[in-house]
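Before any comments, here is the structure.
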Amino acid sequence: MSTIPTNTRRNFIGSGIAAALAAPWLGTRAAEKSVGPDRVSEPAREVPLNDDADVIVCGAGPAGVTAAITAARAGAKVRLFEAHGALGGVWTNSLLGYLLDFDKPGFNQELVHKLRERDAIHGGVNYTPGKAFTAPIQGLTYHPEEMKLLLEELAVLAGVKVQFHTRVVAAHREGRRLTTIVTESKSGRQAWRAPVFIDTTGDGDLGALAGCEFEIGIEKACPCQPLSMVALLLVKDARALSDLIFGDTSTSPSEEAKAHKALFAEIQRAGVDPSYARPIMFPVRGNLVTAMFNHEYGINATDAAAVSEATMRARREVNQIVRALRQLGGVWEGIQVVATPEQIGIRDGRRIVGRYVVRKEDVINGAGHEDSVVKAHGPVDVHALKRGADSVPGYANFGIQVQPYDIPLRALIARDVDGLLMAGRCISGDFIAHSSYRVTGNAVPMGEAAGAVAALAAQTKRLPHEVPWAEGAAVAAKTRRA
Ligand SMILES: Cc1cc2nc3c(=O)[nH]c(=O)nc-3n(C[C@H](O)[C@H](O)[C@H](O)COP(=O)(O)OP(=O)(O)OC[C@H]3O[C@@H](n4cnc5c(N)ncnc54)[C@H](O)[C@@H]3O)c2cc1C
């Protein structure tokens, strides 16, 4: 993080001046200087600066794509940067396939309606507009490819400027205020300036780059929740596997437990001891299913080398299990991997400290807040931190009974930096609360809230923490299409 010399706004001074002038990003650079056995200092360089946006959203997962569409619908000029080549984050780039705690008004329902129109969603919702929910909260399964397409259509329709394969790699402040981010992509290094930024990178990359305090894992460092690779599989006849596929005919927690056990036994019968003690499959469409067989333990999401090794290990395991099941024949005859994701599923990244920290006590006591942007219902869901570690195989809730609790706007506003909001799994909360609210059914309303407040702040020349939620809520409501 560095503060910017204001007299060179258009040509933002970074490192490697000569190179940037000669050949935008490929030209020869002034030699870097070695500053020790394991470090070099890069020469300063000029980076093109763009400042045509009111709101810049970093990371296009469930929270980010919702924030960008909401802010654009509220009239703001919005740029959305995504490291991969599709919108949707865990929904698409990690092939998740299952929506939890999704029975909420707003963009959640718009997605459900539109996916249903495309025969791209399974499972029932308990939500009737204007009516209170009826428990239990059921999960919905969707078609990841249809989700990609739908999100792109909605983003383009709203006027969001999307840039794929673009990673946020630096952030610059003037005093406490975040003013500029830097991205790397095939277009080289680019600087972007805007009045308001939203960190929806899942791992809190922007907050950390801007100098915010953060927590990760149980406290300041891992252990963290395990990673998982979800795969898209084709089976011979999904109906013949219905007692092993959750969410099609079986929806209750006890049926879920039965499906886990039965599938685990089948994988063991095929001769493999899976890394995840509660493997599960979900219906997608016809004989397409998603499957979560894999867990990668003890990986810090910010350690690229460890995530890479885990990704290759996971892909190997998923293919090993599918091959072994195919060998069994019968209902498994012809089962094959259709796709594994390029982005392994990450549950637990950085949690940027906000103006309020959602804590275990909030979850236990069902805390209420005036500036509530969403009410979370999800169980405490901590997956095993080590293979075969805990008493309850797979995941545990530490005996905590969740009382539906509010996520306040203050947990979405960075404490240490002005002009920065967060939404999704990188908001301000402790490990236990995070394990409950991190699901996509909450990431979407958080994105709606952050997008609405960001647009309003930019349009009224205020900082996000100066915008009362009542105003933000009114703007969010106007952007709804369902
Ligand atoms: C294996 C697994 C199973 C889960 N099961 C469920 C479930 O069944 N149902 C459910 O609702 N939730 C589930 N969750 C939780 C849920 O998916 C996440 O918490 C959700 O992803 C939160 O959304 P997000 O938008 O905050 O983050 P993400 O979905 O992680 O999106 C972040 C986006 O930011 C991008 N990005 C990251 N860094 C940068 C950068 N520096 N520059 C630019 N772009 C960047 C990423 O590529 C990604 O697209 C599961 C999570 C995992 C990992």
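Residue numbers (the working numbering): 107 to 588.
Glycine included, each C-beta is placed from N, C-alpha and C at the ideal position.
Any idea if residue i is buried or exposed, counting beta-carbon neighbours within 10 angstroms, 16 or more meaning buried?
i, result
"M418", "exposed"
"Q374", "exposed"
"T566", "exposed"
"T240", "Residue confidence for T240 is low, a pLDDT of 44 falling below 50, so the modelled location carries little weight and cannot support an answer."
"K326", "exposed"
"L562", "buried"
"A128", "With a pLDDT of only 48 at A128, under 50, the local geometry of the prediction cannot be trusted, and no value is derived from it."
"E188", "buried"
"G229", "buried"
"S381", "buried"
"Q507", "exposed"
"F537", "buried"
"A582", "buried"
"Q215", "buried"
"V573", "buried"
"T234", "Any reading at T234 needs caution, since the residue's pLDDT is 49, under 50, leaving its predicted position unreliable; the model's value is listed next. It is exposed - the Cβ of T234 has fewer than 16 other Cβ atoms within 10 Å."
"H219", "exposed"
"D379", "exposed"
"E321", "buried"
"Q509", "exposed"
"E148", "exposed"
"E476", "exposed"
"F504", "exposed"
"G547", "buried"
"L132", "Note that L132 has pLDDT 48, beneath the 50 cutoff, so the model's placement of it is unreliable and the number below is only indicative. Exposed, by the Cβ-count rule."
"Q433", "exposed"
Would the beta-carbon of residue i be found less than 6 Å away from any heavy atom of ligand 1?
i, result
"T307", "yes"
"E188", "yes"
"S334", "yes"
"L205", "yes"
"I452", "yes"
"A383", "no"
"G460", "no"
"P168", "yes"
"T286", "no"
"A661", "Nothing about residue 661 can be read from this structure; the chain reaches only from 107 to 588."
"T546", "yes"
"V274", "yes"
"G294", "no"
"A410", "no"
"A539", "no"
"G313", "no"
"V437", "no"
"V196", "yes"
"R531", "yes"
"A549", "yes"
Throw me the rounded Cβ distance for the residue i and residue j pair, which I believe falls under 8 Å.
i, j, result
"I533", "A517", "5 Å"
"A180", "A411", "Their Cβ separation, rounded to whole angstroms, is 41 Å, which puts A180 and A411 out of contact at 8 Å."
"K210", "P485", "Not a contact, Cβ separation roughly 16 Å."
"A564", "D160", "4 Å"
"R299", "L491", "41 Å between Cβ atoms; not a contact."
"T198", "K267", "Going by Cβ atoms, the distance from T198 to K267 rounds to 19 Å, so no, they are not a contact pair."
"G310", "R456", "3 Å"
"V196", "G167", "6 Å"
"L527", "G578", "Incorrect: roughly 10 Å between the Cβ atoms, too far for contact."
"G265", "A178", "5 Å"
Look at residue i and residue j and say whether their C-beta atoms are less than 7 Å apart.
i, j, result
"A529", "G553", "yes"
"L206", "G142", "no"
"Y511", "G472", "yes"
"A520", "I441", "no"
"L339", "V443", "yes"
"P389", "I351", "yes"
"L315", "D305", "no"
"I162", "L260", "no"
"V424", "T446", "yes"
"L347", "V437", "yes"
"A276", "V153", "no"
"V274", "T289", "yes"
"L257", "V171", "yes"
"G525", "L569", "yes"
"H278", "G191", "no"
"N633", "V336", "The question about residue 633 has no answer here: the residues shown for the chain are numbered 107 through 588."
"L201", "T396", "yes"
"I513", "V480", "yes"
"R531", "G308", "yes"
"V469", "S542", "yes"
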